[in-house]
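Reading through the structure tokens given below for one structure.
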Amino acid sequence: SLHTNSFDEAIALPTDFSARIARNTQLILQHETGLTDLVDPLGGSYMIEKLTEDLRTRALSHIEEVEEMGGMARAIAEGLPKMRIEQSAARRQARIDSGEEVIVGVNRFRVSRGTAVDVREIDNTAVRDAQIRRLESVRAARDDAQVQRALDAVTDAAGSESGELLEACVDAALARATLGEISDALEEVFGRYEARTESIGGVYASAYVNGTTMQDIIQLSDRVAAREGRRPRILVVKLGQDGHDRGARVIATAFADLGFDVDIGPLFQTPREAARQAVENDVHVVGVSSLAGGHATLIPELIDALGTEGRSDIQVVAGGVIPEQHHETLRRAGVSFIFGPGTAVPDAARTILESLLTRDAQPGTDGSGSPTNVESDPPRA
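Here it is as structure tokens:
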């Protein structure tokens, strides 16, 4: 199968126009190139055979590692697959940032000024209000007694080795129980999984080929530590229903290798919870990774919550899929820096460290009055 992304997915959700181009790419390959006339157009290629064998060998290595742990369920519980993904992502980001791996338009052959594109605007407040109205309508029309019986059956099935759990969940859905209610019924037996928020160390630094750049930034970190009496400390958070945390994990790993003390918030935090964690951990900076369009609402709420906690001095920086049209609004709300797709992680770290050293940089600038637009989380998965 072949997946073709829309060209604007690095800055926003795709528009109908960009999605049509992506779809037409597949249609042209299917109908105009003759690619589908052969069952295996690359059959006999020594390069494909070599890549296939390499993939098979590496896959077997992962399978053997999982089997040695007692199977995939045990490996997932121990966090092995997640750790391997984070290590791979950190290594690749280091290769991209150092220029060893070329991404055209990102770290080579960049244009001085990009072409503005129309982006899809999503009013997340309107979406939330509409969903609440739908839930209220469903609850008003259903038989509450029937729903409760169905939810009790879900809990009973979850606690019984012989219970038909899937069937019970389907029956609950047919009775118009919500996903949240079904999850709560399961939680009574299974509890709720809480992911560990540990980060890996040394992976980014070991893969970054330009040692001079790394040392320069570590020296900046040392200067902040000498001035503050402790290492620069950043809390990396995901707010709301944004569950895409690969980029945030890469940032956390890389910043740790660049001399920061790094805290990572759990997925699906509210702005108030993130603010409380920032205050309790006494961080210098909160970095918000936003890949699901909630930045316009959630980041200002985070800044307000920090103010309520009496810690307006904590800098808030943002990165991810944030359309340029939203940058000025976020800066006015108090965001210090916005890191856009394609930014090298060391550049983002340098910007933050220099700001901490001067402490007089204007929000939304690089400390010299020039607007800053850097981001280290290009959405690739």
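If you're matching positions, the sequence shown starts at 689 in this note's numbering and goes up one per residue. No residue lacks a Cβ here, since even glycine has one placed at the ideal position from N, Cα and C.
Identify every residue that forms a DSSP beta bridge with residue i.
{"i": "residue 949", "result": "921"}
{"i": "residue 977", "result": "1007"}
{"i": "residue 957", "result": "927"}
Classify residue i as helix, strand or coil using the three-state DSSP reduction.
{"i": "residue 1026", "result": "strand"}
{"i": "residue 1095", "result": "Residue coverage of the chain in this structure runs from 689 to 1069, which leaves residue 1095 outside it and unanswerable."}
{"i": "residue 796", "result": "strand"}
{"i": "residue 817", "result": "helix"}
{"i": "residue 808", "result": "coil"}
{"i": "residue 848", "result": "coil"}
{"i": "residue 694", "result": "coil"}
{"i": "residue 1033", "result": "helix"}
{"i": "residue 840", "result": "helix"}
{"i": "residue 1015", "result": "helix"}
{"i": "residue 992", "result": "helix"}
{"i": "residue 765", "result": "helix"}
{"i": "residue 1001", "result": "coil"}
{"i": "residue 1020", "result": "helix"}
{"i": "residue 935", "result": "helix"}
{"i": "residue 972", "result": "coil"}
{"i": "residue 824", "result": "helix"}
{"i": "residue 1042", "result": "helix"}
{"i": "residue 986", "result": "helix"}
{"i": "residue 1065", "result": "Model confidence at residue 1065 stands at a pLDDT of 41, short of 50, so the residue's coordinates are unreliable and nothing is read from them."}
{"i": "residue 1055", "result": "The predicted model places residue 1055 with a pLDDT of 38, which falls under 50 and marks its position as unreliable, so this point remains unresolved."}
{"i": "residue 963", "result": "helix"}
{"i": "residue 723", "result": "helix"}
{"i": "residue 803", "result": "coil"}
{"i": "residue 790", "result": "coil"}
{"i": "residue 831", "result": "coil"}
{"i": "residue 940", "result": "helix"}
Under 8 angstroms by Cβ, that's how I've got residue i and residue j pegged, so tell me the actual separation to the nearest angstrom.
{"i": "residue 928", "j": "residue 980", "result": "7 angstroms"}
{"i": "residue 863", "j": "residue 954", "result": "32 angstroms between Cβ atoms; not a contact."}
{"i": "residue 785", "j": "residue 988", "result": "Not quite, the Cβ-Cβ distance comes to about 30 angstroms (not below 8 angstroms), so this is no contact."}
{"i": "residue 1002", "j": "residue 971", "result": "6 angstroms"}
{"i": "residue 1006", "j": "residue 983", "result": "6 angstroms"}
{"i": "residue 696", "j": "residue 815", "result": "That belief does not hold up - the Cβ atoms of residue 696 and residue 815 are roughly 20 angstroms apart, past 8 angstroms."}
{"i": "residue 934", "j": "residue 1045", "result": "In fact, because the Cβ distance is near 30 angstroms, the residues do not count as touching under 8 angstroms."}
{"i": "residue 698", "j": "residue 1009", "result": "7 angstroms"}
{"i": "residue 912", "j": "residue 952", "result": "In fact, because the Cβ distance is near 20 angstroms, the residues do not count as touching under 8 angstroms."}
{"i": "residue 1019", "j": "residue 993", "result": "That pair is no contact at about 18 angstroms."}
{"i": "residue 718", "j": "residue 692", "result": "The pair is not a contact, with the Cβ atoms about 12 angstroms apart (cut-off 8 angstroms)."}
{"i": "residue 950", "j": "residue 997", "result": "Wrong, their Cβ atoms sit about 20 angstroms apart, outside the cutoff."}
{"i": "residue 833", "j": "residue 856", "result": "Not quite, the Cβ-Cβ distance comes to about 17 angstroms (not below 8 angstroms), so this is no contact."}
{"i": "residue 1011", "j": "residue 700", "result": "5 angstroms"}
{"i": "residue 812", "j": "residue 985", "result": "6 angstroms"}
For the alpha helix (DSSP H) that residue i lies in, which residues bound it at each end?
{"i": "residue 661", "result": "Only positions 689 to 1069 of the chain appear in this structure, which leaves residue 661 out of reach."}
{"i": "residue 730", "result": "Segment: none, residue 730 is in no alpha helix (DSSP H) and carries neither H nor E."}
{"i": "residue 874", "result": "867 to 878"}
{"i": "residue 858", "result": "853 to 862"}
{"i": "residue 642", "result": "With the chain covering 689 to 1069 only, the question about residue 642 has no answer from this structure."}
{"i": "residue 882", "result": "First-last for residue 882: undefined, no H or E at that position."}
{"i": "residue 754", "result": "734 to 757"}
{"i": "residue 892", "result": "891 to 895"}
{"i": "residue 779", "result": "768 to 786"}
Closer than 7 angstroms to a non-hydrogen atom of the ligand FMN - does that hold for the CB of residue i?
{"i": "residue 844", "result": "Although the ligand FMN was asked about, the structure shown includes no ligands whatsoever."}
On the three-pair Cβ rule with 8 angstroms, is the segment 974 to 986 touching the segment 913 to 921?
no
Given 8 angstroms as the limit, is there contact between the segment 798 to 818 and the segment 835 to 854, that is, 3 or more CB pairs closer than that?
no
Taking 8 angstroms as the threshold, find out whether the segment 726 to 744 comes into contact with the segment 890 to 910 through three or more Cβ pairs.
no
Can you find at least 3 beta carbon pairs, one from the segment 939 to 953 and one from the segment 1037 to 1049, that sit closer than 8 angstroms?
yes
Check whether the segment 772 to 781 touches the segment 884 to 893, counting contact only when three or more Cβ pairs, one atom from each stretch, lie closer than 8 angstroms.
yes
May I ask you to verify whether the segment 841 to 858 touches the segment 873 to 881, counting CB pairs closer than 8 angstroms and requiring at least 3?
yes
Should the segment 763 to 776 be regarded as contacting the segment 924 to 940, the criterion being three or more beta carbon pairs within less than 8 angstroms?
yes
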